[in-house]
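Participant: Residues in the sequence shown are numbered consecutively from 2, following the numbering used here.
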Amino acid sequence: MSKVLVTGGAGFIGSHLVDLLLERGNEVTVVDNLSAGKRENVNPDAEFIKGDLKDKEFVIENVKGFDVVYHLAANPDVRLGEEDKEVHVRENILVTHNILEAMRINGVKKIAFTSTSAVYGIARVIP
């Protein structure tokens, strides 16, 4: 059994990952600011922490004692990021930096990183 942190675990993909990790016998903690996800998406068997991953001190305090971090937290709104590039800098780059720095400080060695669909931009053709 591993102690696992899932950032963005209240979102659609994150909540399904949490379910799978719990089914496999892991101890799971979710950190989410609920800006896009919903609290009711989080499996009640997972610990839930509401917080802002842009807050470096919050991240350092809460990314402790885990075997692995699954980092899914990001801005899911491609259009917003196209209109205001700073949104992507804050929600994607800064948050990822904070996670990695907290892992370094706290000795957490493993991360599974997922990117955002925003890297593809707005679709020209929708299938």
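Each residue gets a CB set at the ideal place from its N, CA and C atoms; glycine is no exception.
#1: Is it right to say L21 is buried, meaning 16 or more other beta carbons lie within 10 angstroms of its own, or is it exposed?
#2: Note down, one range per segment and in chain order, each alpha helix (DSSP H) of at least 4 residues found wholly within the stretch 50–124.
#3: How should M2 be labelled, buried or exposed, when 16 other C-beta atoms within 10 angstroms of its C-beta is the threshold for buried?
#4: Can you find the residues in the same chain that come closer than 8 Å, C-beta to C-beta, to L73, ignoring five residues on each side of it along the sequence?
#5: Taking a contact to mean a Cβ-Cβ separation below 9 Å, would you say E28 touches V60 in this structure?
#6: Quick one: give me the first and last residue of the alpha helix (DSSP H) that D46 is part of.
#7: Take N34 as the anchor and find which of K55, A47, R25 and L23 has the nearest alpha-carbon.
#8: Output needed for N63: all residues of its chain with C-beta closer than 7 Å, excluding positions within five of it in sequence on either side, in chain order.
#9: Taking L6 as part of the alpha helix (DSSP H), name the residues at either end of that continuous run.
Facilitator: In terms of the structure at hand:
#1: exposed
#2: 57–63, 79–84, 86–89 and 96–107
#3: exposed
#4: V7, T8, G9, G10, G12, I14, G15, L18 and T115
#5: no
#6: From DSSP, D46 is part of no alpha helix (DSSP H); its letter is neither H nor E.
#7: K55
#8: V32, I50 and G52
#9: Segment K4 to T8 is the beta strand (DSSP E) holding L6; no alpha helix (DSSP H) there.
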